[in-house]
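Novice: Per this note's numbering, the first sequence starts with residue 636, numbered consecutively.
Backbone N, C-alpha and C fix where the C-beta goes; we use that ideal spot for every residue, glycine too.
Because the structure is a prediction, the values reported are computed rather than measured.
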Amino acid sequence: MSTELPKNYDPSAIEAGVYQTWLTEKCFAADPAAAGEPYAIVIPPPNVTGALHLGHAINNTLQDILTRKARMEGKNAIWIPGLDHAGIATQAVVEKTIKEKEGKDRYSLAETKEKSREELIRRIWEWKQQYGDRILSQLQRMGCSCDWDRTRFTLDEMCAKAVRETFFKLFKDGLVYRGKRLVNWDTHLQTSISDDEIYHETVKTNLWHIRYEIVDDASPSPQRGEGRGEGRNAPSTVTSTSPSTGISGSASQRLSTPNVSPLTPTLSPRGEREPNQSLVHHSVDESDGAFLESFASDPESEINLPNDNEPDAVRPTHVTVATTRPETLLGDTAVAVHSGDPRWNWAIGKSVRLPLLGRLIPIIADDILVDPTFGSGVVKVTPAHDPNDYAVYQRHLKKDDEIGLINLLNPDGTLNDAAGPYKGLYVSKARTKVVEDLEAAGLMAKIEPYETQVGHSDRSKTPIQPYLSDQWFVHMAPLAEPALQVVRDGTIKFFPERHAQQYLSWLGEKRDWPISRQLWWGHRIPVWTKTRPVKYPREFTTLLDKLNQWTEQNRVQYGERKSSDPGFEDLQLPISFVCVRNPDDQEVIVELEQDGLFVQDPDILDTWFSSALWPFSTLGWPESTAALAKWYPTSVLLTGRDIITLWVARMVMMGMYNLGTTKPAGSGGEGLADSINFGPEQFHDVAHSPKRDKRAMQGHDPNFQQPENQFAEAEAHTPSPQRGEGGGEGRTSARQAASTSRKPPTAAGESTPTEGKRLAPHSSPLPAGAREQNLAALGVPFAHVAINPTILDGKGERMSKSKGNGVDPVDIIETHGADALRFTLATMATETQDVRMPVKKDAQGRNTSDKFDFGRNFCNKLWNAARFVLSNLDADAAVGRDSKPAATAQTTAGLLSRPTEADSLPDRWIISRFNQTVADANSAIATYRFDLYAKACYDFFWRDFCDWYVESVKSTLKTDAGAASRLVAAAMLDGALRLMHPVIPFITETIWTQLNEAAPHRRLCGRIERRLCKSAWPAAGQIDADAEHVFARLQGVISTIRNLRSEHKVDLKKRVTVSLAPPGAEAVKAAQDNRGLIESLATCTIATIADGLTPPADAMRANSDGCDIYVEGLSDPAAEQQRLAKRKEDLSKQRAALKGRLDNASYVAKAPPKLVEESKAQLAAIEAELEKLG
RNA sequence: GGGCAAUUAGCUCAGUUGGCUAGAGUGCCAGCAUGACACGCUGGAGGUCACAGGUUCGAGCCCUGUAUUGCCCACCA
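1. State the start and end residues of the unbroken alpha helix (DSSP H) segment that holds MET1291.
2. Leaving out five residues before and five after THR826 in sequence, what residues of the same chain have Cβ atoms less than 8 Å from its Cβ?
3. Starting from the C-beta of GLY1048, find all residues in its chain whose C-beta is less than 7 Å away, skip the five residues before and the five after it, and write them out in chain order.
4. On the criterion of 16 or more Cβ atoms from any shown chain inside 10 Å, does LYS815 qualify as buried, or is it exposed?
5. Going by CA-CA distance only, name the one from ALA1118, PHE1233, GLU1258, LEU1679 that's closest to TRP1163.
6. Need the endpoints of the beta strand (DSSP E) that GLU647 sits in, please.
7. Sort out for me which residues DSSP pairs ASN682 with in a bridge.
8. When the Cα of LYS763 is compared with those of ASP791, TRP783, ARG776, which residue comes out closest?
9. For the alpha helix (DSSP H) containing GLU1187, name the first residue and the last one.
10. Measuring alpha carbon to alpha carbon, tell me which of ALA1771, LYS1068, GLY1748, PRO1752 ends up nearest GLN1797.
11. For a quick check, are the C-beta atoms of TYR847 and VAL683 less than 8 Å apart?
12. Could you tell me the alpha carbon to alpha carbon distance between PHE1666 and THR1675, rounded to whole angstroms?
13. Could you work out which residue in ALA1799, GLY1431, ASN1678 is closest to ILE1744 when comparing CA atoms only?
14. Please return the same chain residues whose Cβ sits closer than 7 Å to the Cβ of LYS796, not counting the five positions on each side in sequence.
15. Could you tell me the boundaries of the alpha helix (DSSP H) in which ALA1605 lies?
16. Would you check if the distance between the CB atom of VAL1618 and the CB atom of ARG1457 is smaller than 8 Å?
17. PRO1424 and VAL1470 look like a contact to me (Cβ under 8 Å); what is the Cβ gap, rounded to whole Å?
18. Along the alpha helix (DSSP H) that carries GLY1143, what are the first and last residues, could you check?
19. Going by C-alpha to C-alpha distance, which of ASN1045, THR1465, TRP979 sits closest to GLY1275?
20. On the criterion of 16 or more Cβ atoms from any shown chain inside 10 Å, does GLU865 qualify as buried, or is it exposed?
21. Whole angstroms are fine: how far does the CA of ALA1455 sit from the CA of ARG703?
22. Exposed or buried, which one is LEU1818 when buried takes at least 16 other CB atoms within 10 Å?
23. Give the DSSP-derived three-state secondary structure of TYR1782 in the structure shown.
24. Roughly how many angstroms lie between the CA atoms of ALA664 and ALA648, to the nearest whole one?
25. Please determine, among LYS1785, ASP784, PRO961, the residue with the shortest C-alpha to C-alpha distance to HIS844.
26. The alpha helix (DSSP H) that contains TRP820, what's its start and end?
27. Which of the three DSSP states, helix, strand or coil, is assigned to PHE663?
28. Please report the distance separating the alpha-carbon of PRO1149 from that of ILE733.
29. Let me make sure I understand the geometry here. Which of MET1291, HIS1451, ASN1440 has the alpha-carbon closest to that of LEU1413?
30. Name the residue from LEU1119, PRO1250, PRO997, GLN775 whose alpha carbon lies nearest to the alpha carbon of VAL798.
31. Which whole-angstrom value describes the C-beta separation of TRP1107 and ARG752, a residue pair presumed to lie in contact below a C-beta threshold of 8 Å?
32. Report the option in ARG1066, SER1270, ASN1293 whose CA atom is closest to the CA atom of LEU1830.
33. Quick one: what does DSSP say ASP1443 is sitting in, helix, strand or coil?
34. Quick check: the Cα distance between ILE1801 and GLU1792, rounded to an integer number of angstroms?
35. Going by DSSP, what residues sit across from ILE999 in a beta bridge?
36. Are there 16 or more other CB atoms within 10 angstroms of the CB of GLY1610, so buried, or fewer, so exposed?
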């Protein structure tokens, strides 16, 4: 041997070298042209915002286990790595850094805004380079076997192409539209920000109670709610607000500001059930509604408790509303009451006079906004500045009691024309003045101190304003339905199954997806917007022709707008948006931008838009690449449950949408133009209806949903906490699907013969091949979704960068080694949803955790056991014996399942144990139970191999008699290395090299490559039930003798004399045949082995499996008596329990006969032993 | 408010269609420099399976309720 294993296991001494070898020899590079069943995983791309923590580490470890195993199984396996640009998170981090170091904001990085934008993006790229490299290096330190040459970035050219293609297709199919949405507006930075970037500050303010005069005039009388008092229905009018004010239902059109497009609000009310669906989560508005003062507690109130039947005369003349944002009353367009509230439902249809401005606004019924039991039951409604109120607006849209919508704000936080005399004031100033004026007018009923949470921008530290603005949306219903179906019918399976519920319930809501972000770091929306009516001759004559021509060429798509839309009375060119398929198409761009007629939308797409394309954009889609043909659909997605909705659901939708009916495989000659015309069959009705297109663009589709409340750029694609799972039909369906698919335990996927008993909880009704074909035809991005647990810290909090409790896996690698990290994480990958990881600091200040001692100890054990085995193989060579049987069939599967005549009982036993372990590992990994896989490895190697096998053969291993065992030991080490390589690759690869030196030929199945990572996964051979049975008996006898010795404090080295009385001839023979084994492992000399022998005098007595054991040399009779008494007591208890059971007629009648027989046998054995004990 | 989970040994967790005396690691106790390993070996102690009902011959497991904890969603006029 040229080298040998160092005496001490030192992971840091081997890991870097081993990894370099893998890279140098291109062990991870996948070739689509290579043979082998495809196996593909795409990494959930980590955000480039920072470094990976243990949450990423567990996720990536598991992916590596799967990939390495598949590779060893001879599959054409690929693991595609990559990073996510993480729009807002990354931009925010970089902007913050710039602000701290240079004091500049993003607008002042260069002379112009456009140049500043370029500069910021340049700097973010620099950041990306730095942190991206760090992340990739972390993955390599962990041992991840990614195909690094295919590393992707969600903002690289390949992904960009997929993004543009998808957006264009969606636009063409009418599935993207422009709509209104309340966003979190940062008036300082003049951008919308995500929910994540809001922090809440408790602010001491006031709750202002303001009186609105009730006016019973000819004002609009919205229809009453469904409460009581039929016959009071007011005349239906279409106008929703008082004619006297001139404020119409689409007031915002006139009042819009430059940054707010004057589009008619396009959203229709969503379903009745979810009315409170807010557009944007924030808490600024929490007191921005109103309630009537409590009648009872406010004696000064001029309001008497009204009775529904009382005449109007005694009814109050005012309502009093309360708010923490009094200035918003300028934008009120209604006050709302509950239709069933007898205090107020008589007033529905009347109006109130808005203080200060004097407009009349209607009193409407809204049973969703208003809780009649809360406060007094009157709420002011400011649709443009409060999510709930906006929902009210939407609910009443196109109904008799439609209300208006008034935007008060300019983007800079000053009030606009709609604020009348308050125009130009900042919100805070306006508030002061409004309050003063209300007091002067005698309309301020009460001011009470109030504490409330106010959302602030994390970046500018200024209060957030809810602000109505134009955003792009993806229409979800047609995309969601097929994606629901494939999970319902089990085409895509979740592990554990319960996570499918979350997917189904979220997707089932089909909330439209807002995709635009007012940021710079990301994929820019490829839409050009018209800025003015046409005025130059060429615009009248040629532009439309060109656009039509380009449309036919699939280079652009345009969207029309109604000529009646304010500001666009442009009949010559009724086009407001042009979507450009390739933003590098200069001919188109130059034409559009000439004279500034069109400008590109400044917004970018939601990060999740590019993430949604990840499984195929990484493989080259929309090009027909060989990689796409080979590896799509991918095999499994591993991720955390927090992004089942944000990411998993969207990948399924977009995969089915983009690749649904177009088979990437075999469609070689097709160009882009072809592929985008295909859509899944089920989309055609909706997607290709011209009528629908138009309505989508005009925003009048009755099916449109209110936008979802998910503006968050969530943190990463990596495991974290969980999202909610709403109730509803999805849940039922999931359960049904689960229960129906559970029954037939048909093997699925990569099963081996012995693992049938516990296979995947779901099983496909389709034959194996058909299932894959079906997956491909449907375009789903993966067959399985495996959810790994969330790593919590010692306090039970989720590990995350933002909380600062994240632990860098590299720290653990330095304290424990990468294999220890991986092995421990694998044991934690149970079906639970959270695992705790108590963290502490080591002497160097690094984060670490004792939990990883488990993995490190195991690796240490492996290291030393390997050294021992190898040293014995060396002995073979030293004495000139040939341990390398020339004729060994290296490729014959399951050779070890056939013991040779030379094999001793321990040899046969350990071979059987190994075969069982392989089967267990296969089924564990097939069901993504990585904990069971790790445990199987642990139990086999440490408990079976080291504790029993090695100890059994140790004494003879170097002798002639040990020749067969030497071969078995080498084979078992070989098998164990293969079996454990996916989870602990560094140490196994290192030992493998030495094993190849020591025993280049050995008794085990499968190909032996120079590198373990390319060698064969072991086949599961037969179980030797007889050997297992006999060996187990011996283990029992040996343990019992050891126990007796220990109880009586017999010196470890003292050889005691033992007599055995095994029950029956078979047991006697087993003991006799293995006499030496017992003597060696229990440090004893066996005097007699006979069934029914006479107990020696002065012996300690015990029993194992019916075998009486006598150890001579009893030194403390009292202790022995005590021990036996305790034994008798235990036995008596068991006897009582068994008797009770057998005396129960129901038990004997109803329990399985086998069980009853067992009980009887036990009782008999216990009674026999009791009798011997006296 | 809705949902998903969890509650088993001091600690961290398994416990797979309900069925022998509920397991592992770690920690603890006793012993051991033993030749691969003290990151080890041998033996041991330690659990009212959160609580209360129910179903069943039989419940850690199924059902109902309660308590506590975590997470997700919604909300807090």
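Specialist: Quick look at the numbers:
1. The sequence position of residue 1291 within the first sequence is 656, counting from 1. Residues 1285 to 1294.
2. Start at 1 with the first residue of the first sequence, and residue 826 comes out as number 191. Its chain contains TRP820, GLN1153, LEU1154 as the residues whose beta carbon lies nearer than 8 Å to that of THR826, once the 5 sequence neighbours on both sides are disregarded; these appear in chain order.
3. Here residue 1048 is taken as the residue at index 413 of the first sequence, counted from 1. Excluding residues within five positions, the ones whose Cβ falls inside 7 Å are THR822, TYR1061, VAL1062, GLN1100.
4. Taking the first sequence and counting its residues from 1, one reaches residue 815 at position 180. Using a 10 angstroms sphere on the CB of LYS815, the tally of other CB atoms reaches 16 or more, which defines it as buried.
5. Position 528 of the first sequence, counting from 1, holds the residue named residue 1163. Selected option, being the one with the closest Cα: PHE1233.
6. Start at 1 with the first residue of the first sequence, and residue 647 comes out as number 12. According to the sequence provided, residue 647 is Ser. The question's Glu does not apply to it. No beta strand (DSSP E) contains SER647, which is instead part of the alpha helix (DSSP H) from 646 to 659.
7. As a first step, residue 682 is located in the first sequence; it is residue number 47 there, counting from the start. Its beta-bridge partners are ASP719.
8. As a position in the first sequence, residue 763 is number 128, starting the count at 1. When the alpha-carbon of LYS763 is set against those of ASP791, TRP783, ARG776, the nearest one is in ASP791.
9. Along the first sequence, one-based indexing puts residue 1187 at 552. GLU1187 -> alpha helix (DSSP H) spans 1178 to 1187.
10. What you label residue 1797 is simply residue 1162 of the first sequence in a count that begins at 1. Closest by alpha carbon: ALA1771.
11. The residue you call residue 847 lines up with position 212 of the first sequence. The residue you call residue 683 lines up with position 48 of the first sequence. No, Cβ-Cβ distance for TYR847 and VAL683 is not below 8 Å.
12. To locate residue 1666, count along the first sequence from 1; it is residue 1031. To locate residue 1675, count along the first sequence from 1; it is residue 1040. Answer to the nearest angstrom: the Cα atoms are 14 Å apart.
13. As a working note, residue 1744 is residue 1109 in the first sequence. The shortest Cα separation from ILE1744 among ALA1799, GLY1431, ASN1678 belongs to ASN1678.
14. Counting from one through the first sequence, the residue named residue 796 turns up at place 161. So the list reads PRO1257, once near-sequence residues are dropped.
15. The count along the first sequence starts at 1 and reaches residue 1605 at position 970. Where ALA1605 is concerned, the enclosing alpha helix (DSSP H) stretches over 1598 to 1615.
16. The sequence position of residue 1618 within the first sequence is 983, counting from 1. The sequence position of residue 1457 within the first sequence is 822, counting from 1. It is a contact, given that the beta carbons lie within the stated cut-off.
17. Counting from 1 along the first sequence, the entry for residue 1424 is found at position 789. Counting from 1 along the first sequence, the entry for residue 1470 is found at position 835. Distance from PRO1424 to VAL1470 at the Cβ level is roughly 5 Å; contact confirmed, criterion being Cβ atoms closer than 8 Å.
18. In the first sequence, counting from the first residue as 1, residue 1143 sits at position 508. It spans 1134 to 1144 - the alpha helix (DSSP H) in which GLY1143 sits, taken as one unbroken run.
19. For the purposes of this step, residue 1275 is taken as the residue at position 640 of the first sequence. For GLY1275, the nearest C-alpha among the options comes from THR1465.
20. The residue labelled residue 865 in the question sits at position 230 within the first sequence. For GLU865, the pLDDT reaches just 31, beneath the cut-off of 50, and the residue's location in the model is therefore unreliable, leaving the point undetermined.
21. Translated into the one-based positions of the first sequence, residue 703 becomes position 68. Translated into the one-based positions of the first sequence, residue 1455 becomes position 820. Between the alpha carbons of ARG703 and ALA1455 lies a distance of about 17 Å.
22. A question about residue 1818 goes unanswered here, because the residues of the chain that appear run from 636 up to 1809.
23. Position 1147 of the first sequence, counted from the start, is the residue given in the question as residue 1782. Three-state result, TYR1782: helix.
24. By one-based count along the first sequence, residue 664 stands at place 29. By one-based count along the first sequence, residue 648 stands at place 13. Rounded to the nearest angstrom, the two C-alpha atoms are 25 Å apart.
25. The residue labelled residue 844 in the question sits at position 209 within the first sequence. Closest option to HIS844, Cα to Cα, is PRO961.
26. As a first step, residue 820 is located in the first sequence; it is residue number 185 there, counting from the start. Careful: TRP820 lies outside any alpha helix (DSSP H), inside the beta strand (DSSP E) at 811 to 821.
27. Numbered from its first residue, the first sequence carries residue 663 at position 28. In this structure, PHE663 counts as coil in the three-state DSSP scheme.
28. Your numbering for residue 1149 matches position 514 in the first sequence. Your numbering for residue 733 matches position 98 in the first sequence. Rounded to the nearest angstrom, the two C-alpha atoms are 29 Å apart.
29. One-based indexing of the first sequence puts residue 1413 at position 778. Ranked by how close their Cα comes to the Cα of LEU1413, the residues MET1291, HIS1451, ASN1440 have MET1291 in first place.
30. Stepping through the first sequence from its first residue, residue 798 is reached at position 163. For the residues LEU1119, PRO1250, PRO997, GLN775, the minimum Cα distance to VAL798 belongs to PRO1250.
31. Taking the first sequence and counting its residues from 1, one reaches residue 1107 at position 472. Taking the first sequence and counting its residues from 1, one reaches residue 752 at position 117. About 19 Å; that fails the 8 Å criterion.
32. For residue 1830 there is no data in the structure shown, the boundaries of the chain being 636 and 1809.
33. Taking the first sequence and counting its residues from 1, the one referred to as residue 1443 is at position 808. Here ASP1443 sits in coil by DSSP.
34. The residue given as residue 1801 occupies position 1166 in the first sequence. The residue given as residue 1792 occupies position 1157 in the first sequence. The straight-line gap from Cα to Cα measures roughly 14 Å.
35. For the purposes of this step, residue 999 is taken as residue 364 along the first sequence, with counting starting at 1. As computed with DSSP, ILE999 is found in a beta bridge with ALA971.
36. Here residue 1610 refers to the residue found at position 975 when the first sequence is read from its first residue. Buried, since its Cβ has 16 or more Cβ neighbours within 10 Å.
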